[in-house]
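Student:
Number of protein chains: 2
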Amino acid sequence: MSNHDLTCKHKMARQNGIVQPLLTDLYQITMAYAYWKSGKVNDVAVFDLFFRNNPFQGEFTIFAGLEECLKFLQNFHYSDSDIEYLMQTLPGNIEPEFFAYLKDLTCKDIKLSAIEEGSVVFPRVPLLRVEGPLIIAQLLETTLLTLVNFASLMATNAARYRMVAGKNVSLLEFGLRRAQGPDGGLSASKYAYIGGFDGTSNVLAGKMFNIPVKGTHAHSFVTSFSTLDDIHSVILRHAETQEPCNLLDLATEWRNRVSSVIDISPEEASDGELAALISYAIAFPTGFLALVDTSGLLNFCAVALALNDCGYRAVGIRIDSGDLAYLSVLARETFEQIAEAFKLPWFSKLTIVASNDINEDTILSLNEQGHKIDCFGIGTHLVTCQRQPALGCVYKLVEINGQPRIKLSQDVGKVTIPGHKEAYRLFGADGHALIDLLQRSSEPAPGVGQKVLCRHPFQESKRAYVIPSKVEHLYKVYWKDGRVCIQPKPLLEVRERVQSSLRTLRQDIKRNLNPTPYKVAVSDDLYNFIHDLWLQNAPIGELS
Amino acid sequence: MSNHDLTCKHKMARQNGIVQPLLTDLYQITMAYAYWKSGKVNDVAVFDLFFRNNPFQGEFTIFAGLEECLKFLQNFHYSDSDIEYLMQTLPGNIEPEFFAYLKDLTCKDIKLSAIEEGSVVFPRVPLLRVEGPLIIAQLLETTLLTLVNFASLMATNAARYRMVAGKNVSLLEFGLRRAQGPDGGLSASKYAYIGGFDGTSNVLAGKMFNIPVKGTHAHSFVTSFSTLDDIHSVILRHAETQEPCNLLDLATEWRNRVSSVIDISPEEASDGELAALISYAIAFPTGFLALVDTSGLLNFCAVALALNDCGYRAVGIRIDSGDLAYLSVLARETFEQIAEAFKLPWFSKLTIVASNDINEDTILSLNEQGHKIDCFGIGTHLVTCQRQPALGCVYKLVEINGQPRIKLSQDVGKVTIPGHKEAYRLFGADGHALIDLLQRSSEPAPGVGQKVLCRHPFQESKRAYVIPSKVEHLYKVYWKDGRVCIQPKPLLEVRERVQSSLRTLRQDIKRNLNPTPYKVAVSDDLYNFIHDLWLQNAPIGELS
Chain A
0 MSNHDLTCKH KMARQNGIVQ PLLTDLYQIT MAYAYWKSGK VNDVAVFDLF FRNNPFQGEF
60 TIFAGLEECL KFLQNFHYSD SDIEYLMQTL PGNIEPEFFA YLKDLTCKDI KLSAIEEGSV
120 VFPRVPLLRV EGPLIIAQLL ETTLLTLVNF ASLMATNAAR YRMVAGKNVS LLEFGLRRAQ
180 GPDGGLSASK YAYIGGFDGT SNVLAGKMFN IPVKGTHAHS FVTSFSTLDD IHSVILRHAE
240 TQEPCNLLDL ATEWRNRVSS VIDISPEEAS DGELAALISY AIAFPTGFLA LVDTSGLLNF
300 CAVALALNDC GYRAVGIRID SGDLAYLSVL ARETFEQIAE AFKLPWFSKL TIVASNDINE
360 DTILSLNEQG HKIDCFGIGT HLVTCQRQPA LGCVYKLVEI NGQPRIKLSQ DVGKVTIPGH
420 KEAYRLFGAD GHALIDLLQR SSEPAPGVGQ KVLCRHPFQE SKRAYVIPSK VEHLYKVYWK
480 DGRVCIQPKP LLEVRERVQS SLRTLRQDIK RNLNPTPYKV AVSDDLYNFI HDLWLQNAPI
540 GELS
Chain B
0 MSNHDLTCKH KMARQNGIVQ PLLTDLYQIT MAYAYWKSGK VNDVAVFDLF FRNNPFQGEF
60 TIFAGLEECL KFLQNFHYSD SDIEYLMQTL PGNIEPEFFA YLKDLTCKDI KLSAIEEGSV
120 VFPRVPLLRV EGPLIIAQLL ETTLLTLVNF ASLMATNAAR YRMVAGKNVS LLEFGLRRAQ
180 GPDGGLSASK YAYIGGFDGT SNVLAGKMFN IPVKGTHAHS FVTSFSTLDD IHSVILRHAE
240 TQEPCNLLDL ATEWRNRVSS VIDISPEEAS DGELAALISY AIAFPTGFLA LVDTSGLLNF
300 CAVALALNDC GYRAVGIRID SGDLAYLSVL ARETFEQIAE AFKLPWFSKL TIVASNDINE
360 DTILSLNEQG HKIDCFGIGT HLVTCQRQPA LGCVYKLVEI NGQPRIKLSQ DVGKVTIPGH
420 KEAYRLFGAD GHALIDLLQR SSEPAPGVGQ KVLCRHPFQE SKRAYVIPSK VEHLYKVYWK
480 DGRVCIQPKP LLEVRERVQS SLRTLRQDIK RNLNPTPYKV AVSDDLYNFI HDLWLQNAPI
540 GELS
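Printed below as a string of structure tokens:
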């Protein structure tokens, strides 16, 4: 069976297990019944799925989760046991015909338009537009939100880590043990990779999504060895000559030689640790990357040099405690001293991995201190999105039977933009995105080189003319007539899309501290449409 | 098929899909190979799974996730495709016999002891003790951590909400759309229920775990109606007489009568909203609970009184925006005025549900303001555990081949307590738990009425004598010889265990602000054992 077959098989097992129509809030089903009972079976609705604020005090978001949404639409079906459960759970006076209606429901009459997965997106611009029978479109709400909210939040978080870490540092996701359970961990691995991470420690995520998996050993491996007697075999065959080499003798000898170069005495180094490292090196001579603390540097260098005698080059070390900036600099200096002393230039380039409660701010601080880390392993803060653990996507009715709907609120930020709309991204001559523009679908698309009046949706005086050098229509139809119209791109392409999409954003919008907000505007026509509707719908209060 | 059969079937589908040996960090498998290669196949290890700090700035934690851990042990098996994937993923020079070894691995030689699920637990006291072959015990680490960490965090969070809300208020979990994906949402529903919530909006969680599901309608239901013409049918049959009642006529009439009593003019009430509420009432005459804003109160009361004319009692309202304390008081006063004016005493007792970004502090603040809310619907803050999105359980090697292991750290909080241990909870005469005591397994259990010296594990001078009135041995063997020895309790019993276990804690330990720490001690014997081992293992540094 090919790796791709395996991937599909396992994806499907997962999908079928959990993502199903009952993965929803009960009120969707009670509303469905009330709609059904009110004769609204043929009502046609348009819902927008969007968020109101960028996460992490940033000014951009990465849209992800579309592929999972399409699978959900494809598999949407109430099983017999689902219907049986609903009959037990809903009040006894529900008409039986409603359950027959549910039983036959599919998404064949739904049309789903979306922004491309992996794109940079902004508040108020719908990520998904769902059109079709009111009842079915309503029944999709919670599941679509669940699939988009966490995926987009994770991808955005990962992209932010990638930006602060820079292009030349590897990023590995190590968060499974702290994620929201098994599937939370899998989603975290997947969307961290999409957002720009290089790999994960999560083996099942590797298998399911074909993501590179990485890992070395834990501290318990070291503590399971006490003395040099715990080494089972000390023999490693030379990489080329196949001559047996005694790795223990070599490492012991090197430990003495190295200790004079790097000023750590062999007494400070633990024999149990040396035994562990030798055993690990014999198991993984081509992939020797060892977890060490300060005193462990001597043992590591000794084993790495012994491996070199056997024709293998060590990979490097992982530091998991202490002052990561200081320790990485110390380790790099040590490697350089050894490279110089023993004429092994490659030794100075050994990989230094750092883990231990790393977040965006830690990386920024390490950058300032001039660390020498090649790779960060990031867990808790990444997968729980500790800085903001939820993206607040909402799903709002904007049109019914061709009539626009507006949700009013005393909080102007919560007023929805009504009607069936299109979204365009307008680019400047230098290739950067200038503004996202929402228009009524009946309006002609903005033209390249033509002056477009862009208005703030709610502040009358905020207006600007824009002459775009390029116009991108943000929506494509991904699902129609019961079929996926555009196949979702493979993970790797979505991952590339994230980086190419981010490159179109000016640096000041992406920066960590006080970023400049990106503008989202409405056309003059849509502005007037919103405000006319607002006045029609808002009751005139009475001061008393 | 019975409901229980359905539940089991769906649990299993989920379990088999995701919780499997590959749901782990790669380093567990590389370590397994290094152990195997080092001849450690017959080494026997003891690992403790514990956390170091209570979450949410509290002084207690609820232990949950044990049932899932047992299922994981039961199903532990590398499939052919797992092995194939590992062969592709690990370095090419891995000996093929290792894969044959993995292929046959099961948990039959593992012994798992644990504290009862749903118990109050404290830092440093192991929740799980895993004994058995080093390699297998090591391979379980990440998955056990994943299953315990989020489950315990959620159950603890839910229990804290329950405490601040008090016994007489219902708590509903509404968080699916903001959870870490589908399974994050299911776990949140399950462990919120265990922690003391009364139900969830998540229908699949209801079906899988037999949790009560609750829900009404969303704002979009109201906005989908524009005018009174949108009502499909206005007829509801009387609950007893079966006479047809015209709910629209009745509600319109009541709207005029009520408006004079509660001082909201009918012009302020929206006809679209009235149409929506009438339609909802006709669909759910026995379960009429409506989402309303301030002006919606008039429409709600009109429909509720119309329903009363048809022999049905409305359930109540949900408030989802604005000042919840003020609005709940206003709504209660309105209900009381109507009860008085129309001689309908039950009307004053209508249920008031509040939702909208509620957290522990919001509830405390509402309590201070004297709210009139009967039920909270809680989403984002509950399911993401926003205040602290991860519990830091760790899994540490404490003994190998009968020899104790200690992990030293410059941070004394990270030093592990070595050896095979037992844990006892000592109770005072008033029934409250006094202290948790860790002992070496070779020591006799502390006796009721006997003086026990309890020592702080690391601070020499902190000691106390305790004379327990009751002693509870905290560990039971749940898994041995390849079988579950004690069947995990049904969800409802675990949920009751949480409350009974919390009742044994003094109030000052449970309070929200500046709680008193509960004491965890070691026996004198264990104290000396730790410190002797520490001195043997800690290198003597050099000041320079």
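Chains as they are written, first to last, in the working numbering: chain A, 0 to 543; chain B, 0 to 543. Quick reminder that beta carbons are idealized off the backbone N, C-alpha and C, glycines included. Please read these numbers as outputs of a predicted model, since none were measured by experiment.
(1) In angstroms with no decimal places, state the Cα-to-Cα distance between B:Ala-389 and B:Val-483.
(2) Would DSSP call B:Arg-482 helix, strand or coil?
(3) List, in order along the chain, the chain B residues whose C-beta lies closer than 7 Å to that of A:Arg-546?
(4) Could you check whether the Cβ of B:Ser-258 sits closer than 7 Å to any Cβ belonging to chain A?
(5) Which term fits B:Ile-134, buried or exposed, when burial requires 16 or more other beta carbons within 10 angstroms of its beta carbon?
(6) Report the start-end ranges of each beta strand (DSSP E) in the stretch 129–175 of chain A that is 3 residues or longer and not cut off at the edges.
(7) Under the three-state reduction of DSSP, which class applies to B:Glu-421: helix, strand or coil?
(8) Can you find at least 3 beta carbon pairs, one from the stretch 409–426 of chain B and one from the stretch 43–57 of chain B, that sit closer than 8 Å?
(9) If the cut is a Cβ gap below 8 Å, which residues of chain A does B:Pro-90 touch?
(10) Do you know offhand how far B:Leu-175's Cα is from A:Val-447's?
(11) Could you check if B:Gly-481 is buried or exposed, using at least 16 other CB atoms within 10 Å of its CB as the buried criterion?
(12) Out of A:Leu-396, A:Arg-51, A:Phe-59, A:Glu-471, which has the shortest C-alpha to C-alpha gap to A:Arg-510?
(13) Please list the partners that B:Leu-21 has in chain A, where partner means a Cβ-to-Cβ separation under 7 Å.
(14) Tell me which residues share the same chain as A:Ile-485 and place their Cβ nearer than 7 Å to its Cβ, disregarding the 5 neighbours each side in the sequence.
(15) So, at 7 Å on beta carbons, what are the nonlocal neighbours of A:Val-260 in its own chain, with the 5 sequence-adjacent residues on each side left out?
(16) In chain A, which residues lie less than 8 Å from B:Asp-24 when you measure between Cβ atoms?
(17) Which one or two residues does DSSP pair with A:Thr-60 in a beta bridge?
(18) Sort B:Lys-36, B:Phe-149, B:Phe-62 by Cα distance to B:Ile-93 and report the nearest one.
(19) Taking all protein chains shown into account, decide if A:Ser-188 is buried (16 or more other Cβ within 10 angstroms of its Cβ) or exposed.
(20) Pop quiz: B:Leu-25 and A:Gly-214 are said to be a contact at Cβ under 8 Å. What is the actual Cβ separation, rounded to whole angstroms?
(21) Terminal residues of the continuous beta strand (DSSP E) containing B:Arg-439?
(22) Under 8 Å between beta-carbons, which chain B residues line up against A:Gly-38? List them in chain order, please.
(23) Give me the DSSP bridge partner(s) of A:Ile-399.
(24) Ordered along the chain, which non-local residues of its own chain (more than five positions away) have a Cβ less than 8 Å from that of A:Leu-296?
(25) On the three-state DSSP scale, how would you describe A:Arg-312?
(26) Can A:Val-497 and A:Gly-117 be called in contact, C-beta distance under 7 Å?
(27) Considering Cα atoms alone, identify which of B:Arg-424, B:Pro-456, B:Leu-407, B:Gln-458 is closest to B:Ala-537.
(28) Indicate whether at least one CB of chain A lies closer than 7 Å to the CB of B:Leu-5.
(29) Quick check: B:Ser-151 and B:Asp-197, are their CB atoms within less than 7 Å of each other?
(30) If you draw a straight line from the alpha carbon of A:Asn-275 to that of B:Asp-507, how long is it in whole angstroms?
(31) Considering only DSSP beta bridges, list what B:Thr-199 is partnered with.
(32) In chain D, which residues lie with their C-beta within 8 Å of the C-beta of B:Tyr-160?
(33) What's the gap between the Cα of A:Cys-106 and the Cα of A:Leu-185?
(34) Taking B:Thr-548 as the query, report the chain A residues whose CB atoms sit under 7 Å from its CB, ordered along the chain.
(35) Could you tell me whether the Cβ of A:Ile-261 comes closer than 7 Å to any Cβ of chain B?
(36) Express the C-alpha separation of B:Ala-313 and B:Leu-288 in angstroms, rounding to a whole number.
Tutor: The relevant details are as follows:
(1) Sequence index remark: in the second sequence, residue 389 of chain B carries index 390 (1-based). Sequence index remark: in the second sequence, residue 483 of chain B carries index 484 (1-based). Those two C-alpha atoms are separated by around 29 Å.
(2) By 1-based counting over the second sequence, the position of residue 482 of chain B is 483. Correct three-state label for B:Arg-482: strand.
(3) Nothing about residue 546 of chain A can be read from this structure; chain A reaches only from 0 to 543.
(4) By 1-based counting over the second sequence, the position of residue 258 of chain B is 259. Chain A, which has no Cβ nearer than 7 Å to the Cβ of B:Ser-258, makes this no.
(5) Stepping through the second sequence from its first residue, residue 134 of chain B is reached at position 135. Buried, by the Cβ-count rule.
(6) Fully enclosed beta strand (DSSP E) runs of 3 or longer: 169–172.
(7) As a first step, residue 421 of chain B must be located in the second sequence, where it is residue number 422. Looking at B:Glu-421 - three-state DSSP - the assignment turns out to be strand.
(8) Contact holds: three or more Cβ-Cβ distances are below 8 Å.
(9) For the purposes of this step, residue 90 of chain B is taken as residue 91 along the second sequence, with counting starting at 1. Correct list: Phe-283, Thr-285, Gly-286.
(10) Residue numbering aside, residue 175 of chain B sits at position 176 when the second sequence is read from its first letter. Residue numbering aside, residue 447 of chain A sits at position 448 when the first sequence is read from its first letter. If you take the alpha carbons of B:Leu-175 and A:Val-447, they lie about 43 Å apart.
(11) Here residue 481 of chain B is taken as the residue at index 482 of the second sequence, counted from 1. Exposed, since its Cβ has fewer than 16 Cβ neighbours within 10 Å.
(12) Here residue 510 of chain A refers to the residue found at position 511 when the first sequence is read from its first residue. Of the candidates A:Leu-396, A:Arg-51, A:Phe-59, A:Glu-471, the one whose C-alpha sits nearest the C-alpha of A:Arg-510 is A:Phe-59.
(13) Position 22 of the second sequence, counted from the start, is the residue given in the question as residue 21 of chain B. Chain A residues near B:Leu-21: Val-202, Leu-203, Lys-206.
(14) Residue 485 of chain A sits at position 486 when you count from the first residue of the first sequence. Correct list, in chain order: Lys-475, Tyr-477.
(15) As a working note, residue 260 of chain A is residue 261 in the first sequence. Cβ within range, chain order: Gln-336, Ile-337, Ala-340.
(16) For the purposes of this step, residue 24 of chain B is identified with residue 25 of the second sequence, where counting begins at 1. Those are Phe-173, Leu-175, Arg-176, Ser-200, Asn-201, Val-202, Gly-214, listed as they occur along chain A.
(17) Reading the first sequence from its first residue, position 61 is the one you call residue 60 of chain A. Answer by DSSP bridge pairing, in chain order: A:Val-120.
(18) Looking up residue 93 of chain B in the second sequence gives position 94. Closest by alpha carbon: B:Lys-36.
(19) Along the first sequence, read from residue 1 onward, the residue named residue 188 of chain A stands at position 189. The residue is buried, with at least 16 neighbouring Cβ atoms inside 10 Å.
(20) Taking the first residue of the second sequence as 1, we reach residue 25 of chain B at position 26. Taking the first residue of the first sequence as 1, we reach residue 214 of chain A at position 215. That pair is a contact at about 3 Å.
(21) In the second sequence, counting from the first residue as 1, residue 439 of chain B sits at position 440. Counting along the chain, the beta strand (DSSP E) containing B:Arg-439 begins and ends at 432–439.
(22) Along the first sequence, read from residue 1 onward, the residue named residue 38 of chain A stands at position 39. Those within 8 Å of A:Gly-38 in chain B are His-231, Ser-232.
(23) To locate residue 399 of chain A, count along the first sequence from 1; it is residue 400. Partner(s): A:Ala-44, A:Gln-402.
(24) Sequence index remark: in the first sequence, residue 296 of chain A carries index 297 (1-based). A distance below 8 Å between beta-carbons, with the five flanking residues on each side excluded, links A:Leu-296 to the following residues of its chain, in chain order: Ile-261, Ile-263, Ile-316, Leu-329, Ala-330, Thr-333.
(25) Mapped onto the first sequence, residue 312 of chain A falls at position 313. In the structure shown, A:Arg-312 sits in coil (DSSP, three-state: anything other than H, G, I, E or B).
(26) The residue labelled residue 497 of chain A in the question sits at position 498 within the first sequence. The residue labelled residue 117 of chain A in the question sits at position 118 within the first sequence. Contact flag set, yes.
(27) For the purposes of this step, residue 537 of chain B is taken as the residue at position 538 of the second sequence. Cα-wise, what sits closest to B:Ala-537 is B:Leu-407.
(28) In the second sequence, counting from the first residue as 1, residue 5 of chain B sits at position 6. The pLDDT assigned to B:Leu-5 is 38, lower than 50, so where the model puts this residue is not dependable, and the model offers no usable value.
(29) As a first step, residue 151 of chain B must be located in the second sequence, where it is residue number 152. As a first step, residue 197 of chain B must be located in the second sequence, where it is residue number 198. Not closer than 7 Å, so no.
(30) Mapped onto the first sequence, residue 275 of chain A falls at position 276. Mapped onto the second sequence, residue 507 of chain B falls at position 508. Here the sequence assigns Ala to residue 275 of chain A, which means Asn is not the residue at that position. Cα-Cα distance, rounded: 47 Å.
(31) Stepping through the second sequence from its first residue, residue 199 of chain B is reached at position 200. Partner(s): B:Glu-172, B:Val-212.
(32) The displayed structure is made up of protein chains A and B, and chain D is not among them.
(33) For the purposes of this step, residue 106 of chain A is taken as residue 107 along the first sequence, with counting starting at 1. For the purposes of this step, residue 185 of chain A is taken as residue 186 along the first sequence, with counting starting at 1. Cα to Cα, A:Cys-106 sits roughly 27 Å from A:Leu-185.
(34) The question about residue 548 of chain B has no answer here: the residues shown for chain B are numbered 0 through 543.
(35) The residue you call residue 261 of chain A lines up with position 262 of the first sequence. No, A:Ile-261 lies away from the interface with chain B (no Cβ there is under 7 Å from its Cβ).
(36) For the purposes of this step, residue 288 of chain B is taken as the residue at position 289 of the second sequence. For the purposes of this step, residue 313 of chain B is taken as the residue at position 314 of the second sequence. B:Leu-288 and B:Ala-313: Cα-Cα distance of roughly 7 Å.
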